[in-house]
Amino acid sequence: MDRLPWARFHWMVVLGLGTAWILDGLEIQLVASAGFQKTLDMSSTEVGLTGTIYLIGQVVGALFFGRLTDTLGRKRLFVITLAIYLIGSGVAGFAWNVWWLWIWRFIAGLGIGGEYTAINSAIDELIPAKYRGRVDIAINGTYWFGAMIGAFANIFLLDPKLVSENWGWRIGFFVGPVLGLLIIWLRRHIPESPRWMVTHGKGEEAERIVSEIEHSVEERGVKLSPVDESKAMLIKAKENLPWSVLKEVFFKKYPRRTFLGVTMMVTQSFLYNAIFFTYILVLKNFYGLSGSTAEKFFFPFAVGNLLGPLLLGHLFDTIGRRKMIFGTYLLSGSILLLSAFLFRADSLTATTQTLLWCGSFFFASAGASSAYLTVSEIFPLEVRGQAISYFFSIGQVVGAFGPTIYGALIGDGTDRTPLFWGYILGACVMIFGGLVAWFFGVNAEGQSLEDVADPLSKVSDDPPLEPARA
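The numbering of the sequence shown is numbering that gives the first Met the number 0, which starts it at 0 and goes up by one.
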């Protein structure tokens, strides 16, 4: 798989699997708009709780489906989790009371949380090593494209002059499922990961899938290089790994990598949740913007977050993982540090404050996306889905405190000092994450996943009679 050139098959993988983050960004933005508040007679606290319930659903979904992803396979789970999201989001659009909305928002969160584990695992195992970094980072960054779609849709759907208040937000909840129906059709044509199949005793099927992909490439006149048989290894399938094996992998075999993964997930989650969920309050309380005007500042903020992974992603494959993670985290934290002092000195306007956020998150977005890439590729194949689920969940739980802390620091906008120290904290958190990546990071660029971490099912390096090519 790693010796293949970029082909139509890989575009199918990107389009079919790389949409989970678009849907997540769309969902967050639709809920943040709170268009359902008046229809369902909800308080501001209940609106906030709606978002929290969705995030809790993501954590539960990641933990539950993460283990199933490693046990039942990537393909089966990325179809099931998308179907759960489709049902959860679609039915939420028919909510007639708060409890009905909360139940189905939780279910939609379950699906998206499961998507994170199944999709990251499948992408890294299907994309050639020399493209793996840029593809994974770019796909994770498309969350902001989904958020922009949601924000743009809200301009029309939440305008009572165009759409009834009772129907605008409901139609918004149907946007994701409509996109999802198209995506689930495309995913039917994406094969199971040959790597996963080999470690689960399905070597012949894995060989057939790889041969079909090779044939589709050779039909375009591309001559593939011979398989490097020195990379062959003998695999003995293992099913249902006990928890004791997971404990050994994370805390005895790869403790440094565990520390790296947890740190990257926690730092990026804390910063994003802290700033993203409170930037409207900052613009309103400190710069005197109205709610509708402040909403317009979301688009440049989102554009900066989207462009970072798209423009910087390829550098993670060329300059390297450790250097780029360190650089993006450091630059993000440094710009936020600068903005903190300018903010305290009252030297910024709403526009210049937003520009500094854009600059900081241009780098932070690429760094945050690389957190998912890092956790996905530095652990053995058999526990990849679970590694993503555990570290993602830890990051979400810690990051959930960010909006609460920063909301309290913002207050009524009369005193800038508390938020100044909040920005200092956020900057230091990112810089710390970059330093951890520099000292504990893994130079995985251009390497096969099996070179980065041996499969647990590996018996020896002695090549079998017919070495698998996955």
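Beta carbons are placed, not taken as given, at the ideal position from N, Cα and C, and that holds for glycine.
Nonlocal neighbours in the same chain, by C-beta distance under 6 Å from residue i, ignoring five residues either side
| i | result |
| --- | --- |
| Val-374 | Gly-260, Ala-386, Ile-387 and Phe-390 |
| Leu-161 | Phe-155 |
| Ile-208 | Pro-190 and Pro-193 |
| Ile-21 | Thr-141, Phe-144 and Gly-145 |
| Thr-317 | none |
| Pro-466 | Note on Pro-466: pLDDT 43, under 50, position unreliable in the model; the coordinate value appears next. Closer than 6 Å at Cβ, skipping near neighbours: Glu-228 and Ala-231. |
| Thr-327 | Phe-362, Ala-365 and Gly-366 |
| Ala-94 | Leu-100 |
Rounded distance between the beta-carbons of residue j and residue i, thought under 8 Å
| i | j | result |
| --- | --- | --- |
| Phe-298 | Met-429 | 23 Å between Cβ atoms; not a contact. |
| Gly-312 | Ala-370 | Rounded, the Cβ-Cβ distance is 13 Å, inconsistent with contact. |
| Ser-392 | Ala-121 | The pair is not a contact, with the Cβ atoms about 19 Å apart (cut-off 8 Å). |
| Trp-184 | Ile-274 | Trp-184 to Ile-274, Cβ: 37 Å. No contact. |
| Gln-267 | Ala-363 | 7 Å |
| Gly-303 | Phe-360 | 5 Å |
| Leu-282 | Leu-288 | 5 Å |
| Leu-448 | Asp-227 | 15 Å between Cβ atoms; not a contact. |
| Glu-164 | Lys-37 | 6 Å |
| Gly-34 | Gly-108 | No, Gly-34 and Gly-108 are not in contact; Cβ-Cβ is about 18 Å, not under 8 Å. |
| Asn-442 | Arg-255 | Going by Cβ atoms, the distance from Asn-442 to Arg-255 rounds to 13 Å, so no, they are not a contact pair. |
| Leu-54 | Ala-399 | 7 Å |
| Ile-182 | Gly-15 | 6 Å |
| Gly-394 | Val-265 | 5 Å |
| Phe-296 | Thr-353 | 5 Å |
| Val-396 | Val-58 | 7 Å |
| Glu-211 | Leu-223 | At roughly 13 Å, the Cβ-Cβ gap does not stay under 8 Å, so Glu-211 and Leu-223 are not in contact. |
| Leu-314 | Asp-135 | With a Cβ gap of about 13 Å, Leu-314 and Asp-135 do not count as contacting. |
Same chain, Cβ closer than 7 Å to residue i, five either side skipped, listed in chain order
| i | result |
| --- | --- |
| His-9 | Ile-126 |
| Pro-454 | Thr-198, Ile-234, Pro-379, Leu-380 and Glu-381 |
| Val-97 | Leu-39, Met-41 and Glu-45 |
| Leu-464 | Below a pLDDT of 50, predicted positions are generally treated as unreliable, and Leu-464, at 45, falls in that range; the measurement from the model is reported next regardless. Nothing meets the Cβ criterion. |
| Ala-82 | Ile-183 |
| Ile-409 | Thr-277, Leu-280, Val-281, Asn-284 and Leu-418 |
| Ile-334 | Leu-355, Gly-358 and Ser-359 |
| Pro-4 | Val-216 and Val-221 |
Reduced DSSP secondary structure (H/G/I, E/B, other) of residue i
| i | result |
| --- | --- |
| Leu-81 | helix |
| Lys-74 | helix |
| Ile-189 | coil |
| Ile-318 | coil |
| Leu-16 | helix |
| Lys-283 | helix |
| Leu-492 | The chain is shown only over 0 to 469; residue 492 falls outside these bounds and no answer can be derived. |
| Ile-234 | strand |
| Val-482 | No statement about residue 482 is possible, as the shown extent of the chain runs from 0 to 469 and does not include it. |
| Gln-36 | coil |
| Arg-476 | One cannot answer for residue 476 here, as it falls past the ends of the chain, which runs 0 to 469. |
| Gln-267 | helix |
| Leu-240 | coil |
| Leu-464 | Since pLDDT at Leu-464 reaches only 45, below the 50 mark, its modelled position is unreliable, and no value is offered. |
| Ala-6 | coil |
| Trp-95 | coil |
| Ile-122 | helix |
| Arg-219 | coil |
| Pro-254 | helix |
| Asp-450 | helix |
| Asp-1 | coil |
| Asp-69 | helix |
| Glu-444 | coil |
| Pro-225 | coil |
| Leu-288 | coil |
Neighbourhood of residue i by C-beta distance below 8 Å, restricted to the same chain and skipping five residues each side
| i | result |
| --- | --- |
| Ala-117 | Phe-64, Thr-68, Arg-73, Leu-76, Phe-77, Thr-80 and Gly-384 |
| Phe-325 | Gly-433, Leu-434, Ala-436, Trp-437 and Gly-440 |
| Val-451 | Glu-376, Ile-377, Val-441 and Ala-443 |
| Arg-2 | Pro-127, Leu-223, Ser-224, Val-226 and Asp-227 |
Check your understanding: Quick one: any contact between the region 390 to 409 and the region 171 to 185, if contact means 3 or more CB pairs under 8 Å?
Key -> At 8 Å Cβ cutoff, the stretches do not touch.
Review point. So, do the region 175 to 191 and the region 332 to 340 have three or more beta carbon pairs nearer to each other than 8 Å?
Key: Output reads no: the region 332 to 340 does not touch the region 175 to 191.
Check your understanding: Which ranges does the alpha helix (DSSP H) cover as unbroken runs of at least 4 residues, wholly within the region 361 to 411, from first to last along the chain?
Key -> Fully enclosed alpha helix (DSSP H) runs of 4 or longer: 383 to 398 and 400 to 409.
Practice item. Count the CB pairs spanning the region 412 to 429 and the region 100 to 115 that are closer than 8 Å, and state whether there are at least three. Key: The region 412 to 429, when compared against the region 100 to 115, does not touch it at the 8 Å Cβ threshold.
Practice item. Determine contact between the region 101 to 111 and the region 131 to 144, defined as no fewer than three beta-carbon pairs at a distance below 8 Å. Key: By the criterion of at least three beta-carbon pairs nearer than 8 Å, the region 101 to 111 is not in contact with the region 131 to 144.
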